[in-house]
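The next block holds one structure in the form of structure tokens; read it before the comments.
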Amino acid sequence: MEEKKDVTTNFYGRLPNLTRRSLMAGTAALGGTLLVPAMARAQAPQPRTGGTLRVVMPYNPASLDPIAGRNNPDFNALLMLYDALISFDPKTLELQPMLATSWEFADPTTLVVKLREGVEFHDGEPFNADAVVFHIDRCRNYEKSNVKSDLTVVEKCEATGPYEVTFKLKFPDASLPATLADRAGCIVSPASVKAAEGGNVDRNPVGTGPFKFVEWQDNTLIKLVRNTNYWGDAPYLDAIEARIINEHNTAVRAVTAGEADIALNMSAQQMAVAKRDPNVVAEATPSMIYYSAFLNYGKGSPLADVRVRQAMNWALDRPVLNQVLWGGLGGGNCSMFPSGFWANDPETENYYTLDVDRAKSLLKEAGFANGIEIETHTWADQAAVQRQEVVSAQLAEAGIRLKVTPSQPAQAMQFFLNEKKGHMLLSPTGGNPDPATAYDRHFAATAYRNAAKLELPGYRELADASLNTFDFAARQQVLYKMQRFVLENALHLPQFTSAGIIVRSPKVHNFDFSLLQRPRFHKVWLEA
């Protein structure tokens, strides 16, 4: 595998400008000391085993079946329960072994994956090549699978040894190893699927991860216990109890009151709240999550006209959105990726800047001289409502009025993407291990997030080139072209990139949110 390292593991090792320092520079408006540098903290005591970690998270998972979920916050729970075939470094996204010990392209359309021996699922069943083949086939064929488009390149996955699987591909795909570090690579016990009615394991998750499922009280609580038979280093915690609290300030108060140990997926406002309490720690880390809007630009929608989509993009003041909604901790550009990320072209990351007159002119050309109303779905939590209000106010300056329907994340996705209601869905997104995958999950004709289910002319050629180009520098240039294509055609409405914000007790140690905001909790421990 050594000579092919750039193909399989090193697409993510170049983040020259995406550092903690760049995030810390954005905290001045919130007081300048909200981020606590590691060097300023007292040396932590040695890890200890035991205790129940009390987590607060604002979003109820759509599913605990990794291939049936929809939203990135699902991973707050998923990576407690499941190991993926391939892991990633949380700070660089460099791919690393997990359930797979190695992987290599034998040729551009053949990926050979060697598997770890001696691993068991939580139900005692063995992990082996047959289990992986069953899982990949389920990803491709299960009616509730939301990862089918991630594996369209796969012609066949077959066991070529007790602990080896071979993927035969329809065409070269340099992003497939990264796909196997995502939902499609989170292996579910075949026995649990076969035992479940209709193969539905949404509420009965069985993986190989460091924690085992106990119960899920919908919109209230998820309980897990340590997997005492874990194949890797044993987790420190005895158990995890994750409470679902939609209201962010209430979540922070649970930590400050000592009723919880850590709150995930917070926003800049909670940084300011936490700063006032010397007994808690607030942290922000770089993130691949960004805030955008999925657009239905299919026939019959007013967004089918590119001029309307472009007008919406020219109407936004992204640096202001970043400052007002994220305290300056994120990035105020119109790229899908943060500044400094290797696939983000700095020449086009600010393709759209505020130009209300230009937005009005484009609307007039499109036949909407008196403005336009856009039926919009959004999440119902406090932070989402605030985002919607600020974005609405900016768009209104150009005559673009949003008619908003708020609902819970899974329901909002259902309304817009499954039932085809409305023209737009305001939602955070991102967190994809590979940039080519990020584009295809949004804009491919088969993508779940593409409500129109159509591709604009020119997209497929660029998408294919991003997958079958294995040289790093050449692939980077293809992805730069893809970024320009998406922006010129205004395929979505990017607003700002975020930071990963948590509030925790100082007794919580070794937590890492990762660039993808996907925590594992494997090595988290509680001070006595």
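According to the working numbering, the sequence shown holds residues 3 to 530 in order.
In this text, a Cβ means the ideal position worked out from N, Cα and C, and glycines have one as well.
Scanning its chain for C-beta atoms nearer than 6 angstroms, with the 5 sequence neighbours on each side dropped, one finds around Val134 the residues Val167, in chain order. The Cβ neighbour count for Gln390, taken over all protein chains shown within 10 Å, is at least 16; the residue is labelled buried. Across the set Gln271, Ala274, Asp307, Arg245, the C-alpha of Arg245 shows the shortest separation from the C-alpha of Ala262. Judged by DSSP secondary structure, Ala186 falls outside any alpha helix (DSSP H); it is assigned neither H nor E.
Each residue's CA atom was taken as its position, placing Asn335 and Thr252 some 30 angstroms apart. Taking C-beta separations shorter than 7 angstroms and ignoring five residues to either side along the sequence, the partners of Pro508 in its chain run Val283, following chain order.
Look at Asn420 here: in three-state DSSP terms it is helix. Here the alpha carbon of Gln388 sits roughly 45 angstroms from the alpha carbon of Glu122. Every alpha helix (DSSP H) stretch that sits fully inside the stretch 247 to 294 and reaches 4 residues is listed by chain position as 250 to 258, 270 to 277. Rounded to the nearest whole angstrom, the CA to CA distance from Gln219 to Met59 is 14 angstroms. Of the residues assessed, Gly120 falls on the exposed side of the cut-off, its CB having fewer than 16 other CB atoms within 10 angstroms.
The stretch 85 to 143 contains, as complete alpha helix (DSSP H) runs of 4+ residues, the segments 131 to 143 (chain order).
By alpha-carbon distance to Thr355, the top candidate from Leu80, Asp319, Pro288 is Asp319.
Residue environment: Gln48 is assigned as exposed (fewer than 16 neighbouring CB atoms within 10 Å of its CB, all protein chains considered). Short of 6 angstroms from the beta carbon of Val510, and not among the five residues preceding or following it, lie these beta carbons of its own chain, in chain order: Asp263, Ile264. In this structure, the beta-carbon distance from Asp76 to Val203 does not fall below 7 angstroms. The Cβ neighbour count for Glu157, taken over all protein chains shown within 10 Å, is under 16; the residue is labelled exposed.
Pairing Ile69 with Ser177 gives a Cβ-Cβ distance that is not under 7 angstroms. Met59 is bridged by DSSP to Ile246.
For Thr210, the closest C-alpha among the options Gly201, Asn434, Asn221, Asp235 is that of Asp235.
Beyond the five residues adjoining it in sequence on each side, Val310 comes within less than 8 angstroms, by CB distance, of Pro304, Leu364, Leu365, Ala368, Phe370, Ile374 in the same chain, given in chain order.
In the DSSP annotation of this structure, Met426 is not part of any alpha helix (DSSP H); the continuous beta strand (DSSP E) holding it starts and ends at 426 to 432. Linking Asp91 to Val406 through their CA atoms gives a straight-line distance of about 39 angstroms. For the pair Tyr292 and Gln519, the Cα-to-Cα distance works out to about 11 angstroms.
The beta carbons of Trp328 and Ala270 sit about 5 angstroms from each other, so the pair counts as a contact at 8 angstroms.
Looking at the backbone, the Cα of Asn512 and that of Thr258 are separated by about 19 angstroms. Secondary structure of Phe498 (DSSP, three-state): strand.
DSSP places Lys483 inside the alpha helix (DSSP H), whose first and last residues are 474 to 490. The beta carbon of Thr103 sits closer than 8 angstroms to the beta carbons of Lys116, Leu117, Arg118 from its chain, once the five residues preceding and following it are set aside; these are given in chain order. Going by beta carbons, Gln272 and Val57 fall outside the 7 angstroms limit. Look at Pro304 here: in three-state DSSP terms it is helix.
Within the stretch 163 to 229, the runs of alpha helix (DSSP H) that reach at least 4 residues and sit entirely inside it are, in chain order, 178 to 181, 192 to 197. Contact check for Gly53 against Ala64 fails: the beta carbons are separated by 7 angstroms or more. Judged by DSSP in its simplified three-state form, Ser409 adopts strand. In the three-state reduction of the DSSP assignment, Ala467 falls in the helix class, which pools H, G and I. A distance below 6 angstroms between beta-carbons, with the five flanking residues on each side excluded, links Thr51 to the following residues of its chain, in chain order: Tyr238.
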